[in-house]
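Residue numbers for the sequence shown follow this note's numbering, beginning at 130 and rising by one. Quick reminder that beta carbons are idealized off the backbone N, C-alpha and C, glycines included.
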Amino acid sequence: MTCGYTIDREIVDVLLDQEPAITAEAIREAGGGLVAVVLTVEDRRRLRLRKLARDLLRLGEGFQVAAISIRGHQGERDWAVVPLTYLQGLARDLTDLQQQLHLEAVLRRRG
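Dropping the structure here:
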């Protein structure tokens with residue numbers, strides 16, 4: 130983990146056994162599936178959003194659910210379960226915004 134996060138794939142049943150904060154109902158509501166993408170944010174200060182967005186957009190087919198773990202200030206973990214398409218949509222929006230800001234900066238220099 131050099132960018133403040135890790136992305137893993139985990140069998141949903143194993144994830145449910147390992148993390149009591151995640152429920153089968155939350156997995157079903159987010160789209161279900163046999164394998165979930167697990168995004169673990171270890172260090173928010175070192176988080177490289179551009180790289181995270183690229184990594185999320187590169188995930189292959191076959192995943193419907195993303196389980197997100199963020200370590201709190203006192204070491205506890207907060208979990209959220211969302212549809213992977215939602216997380217990828219946020220990554221796409223971030224990428225689009227960065228491209229737009231870059232284009233505006235280039236145009237400002239020329240203008």
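A distance below 8 Å between beta-carbons, with the five flanking residues on each side excluded, links G201 to the following residues of its chain, in chain order: D207. Boundaries for A153: no beta strand (DSSP E) harbours it, while the alpha helix (DSSP H) harbouring it runs 153-158, taken from the DSSP string. For E233, the secondary structure class from DSSP, reduced to helix, strand or coil, is helix.
Contact between G133 and E171 holds: CB atoms are separated by about 6 Å, below the 8 Å threshold.
Distance from the CA atom of V235 to the CA atom of R183, rounded to whole angstroms, is 22 Å.
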